[in-house]
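Visitor: Read in order, the letters of the sequence shown correspond to residues 4 to 264 in the working numbering.
We put the CB at the ideal spot given by N, CA and C, even for glycine.
Structure in structure tokens, see below.
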Amino acid sequence: MIMRILNRDKSGTAEDSTTMLSQLPKTDDDTGSNSIALAVKGLSKIYDSIAGKVVALDNINFIVKKGEFLSIVGPSGSGKSTLLNMIGALDRPTSGHVFINGIDIFSLNDSQLATMRNNHIGFVFQSFNLINRTTVLKNVKLPSTIAGAPVSESNKRAMRILEALGIGDKASQKPFNLSGGQQQRVAIARSLVNNPTIVLADEPTGNLDTKTGDDVFEMLKTLSHKFKRTIVMVTHNPELAESTDRSILIKDGRVERDVVN
Ligand SMILES: Nc1ncnc2c1ncn2[C@@H]1O[C@H](COP(=O)(O)OP(=O)(O)OP(=O)(O)O)[C@@H](O)[C@H]1O
Ligand SMILES: [Mg+2]
């Protein structure tokens with residue numbers, strides 16, 4: 004099947020992704036009474052820079068349902084990455100709250116926050132952010148290693164996801180030997196290894212050509228629609244944004260528009 008996946012250049016469709024991704028572990032996100040994955044309440048971020056104060060986020064409010072695929076769009080410098088970094092607990096806000104699975108993440112101490120980030124949030128970046136000196140497999144299993152999973156369990160989980168994403172045969176390679184699209188699949192695999200509540204992607208197709216970018220996007224879409232993963236994706240591509248469930252337009256650190264597509 005992997006060969007079929009790798010050979011799917013022109014015929015690559017969402018159906019192929021569905022077949023591949025069906026090997027992923029089941030998410031428990033669609034069970035239980037709480038259907039909200041993420042709630043952002045009164046979120047503000049003011050940076051103190053040499054040039055003075057920069058209001059990057061100004062009272063942002065929205066919720067994201069479990070399994071929803073939300074896109075965030077807006078001009079350069081409008082606060083999109085700052086917002087994603089706050090949701091992903093990479094930085095603390097000046098004021099406001101982020102609830103993930105009902106947990107007020109900034110009420111946690113630094114070590115609890117690190118655990119929350121590792122176990123409940125998957126990150127995919129424009130520049131892949133893979134560790135080039137080690138193998139694809141080790142990159143993917145890193146979050147599960149950090150979470151304390153036994154080595155054999157981490158290996159099994161990482162391999163299963165790599166195979167599901169069609170790059171199982173790249174497990175022992177170093178990331179820099181892979182194409183951009185393959186590297187982004189490795190990053191997506193890493194983001195999924197702990198079966199997170201939410202996957203955050205900051206311009207995941209930004210460094211890829213159109214065809215490869217569309218492929219990566221289809222994979223994220225399949226993850227959301229068929230496998231109920233909650234995804235928040237920043238993009239500059241209006242066509243991709245319109246293909247998500249809902250788009251939020253950020254301007255000058257504020258939500259300017261929130262539309263269901
Ligand atoms: N660490 C920082 N210190 C000071 N100012 C910052 C910092 N990070 C971001 N900013 C400022 O905050 C504002 C929002 O930046 P942000 O990176 O969130 O924008 P963006 O919408 O992601 O832009 P792009 O589309 O270019 O990636 C900008 O004015 C930026 O200069
Ligand atoms: Mg940005």
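In the DSSP assignment, what residue or residues form a beta bridge with Val235?
Guide: Partner(s): Leu73 and Leu203.
Visitor: Can you give me the C-alpha to C-alpha distance between Glu71 and Met222, rounded to a whole angstrom?
Guide: Approximately 14 Å between the Cα atoms of the pair.
Visitor: By Cβ distance, which residues of its chain are closer than 6 Å to Glu259, with the 5 residues on each side in sequence left out?
Guide: Closer than 6 Å at the Cβ level, and outside the excluded window around Glu259, lie Leu252.
Visitor: Buried or exposed for Lys214, please, with buried defined as at least 16 other CB atoms from any protein chain shown within 10 angstroms of its CB.
Guide: Its Cβ having fewer than 16 others within 10 Å, Lys214 is exposed.
Visitor: Could you tell me the boundaries of the beta strand (DSSP E) in which Leu243 lies?
Guide: Unbroken run through Leu243 is the alpha helix (DSSP H), Pro241 to Glu245; no beta strand (DSSP E).
Visitor: Ala92: beta carbon under 8 Å from a heavy atom of ligand 1?
Guide: The answer is no for Ala92.
Visitor: Identify, in the order they occur along the chain, each residue of the same chain with its Cβ nearer than 7 Å to the Cβ of Lys48, setting aside the five sequence neighbours on each side.
Guide: Once the five neighbours on either side are set aside, the close Cβ partners of Lys48 are Ala59, Leu60, Thr85, Met89, Pro96 and Thr97.
Visitor: Helix, strand or coil, according to DSSP, for Ser250 in the structure here?
Guide: Ser250 falls in the strand class under three-state DSSP.
Visitor: Do Gly151 and Leu195 come within 9 Å of each other at the CB atom, strictly closer than that value?
Guide: No, Cβ-Cβ distance for Leu195 and Gly151 is not below 9 Å.
Visitor: With a Cβ-Cβ cutoff of 9 Å, do Phe128 and Ala204 count as a contact?
Guide: Their beta carbons are under 9 Å apart, which means Phe128 touches Ala204 by this criterion.
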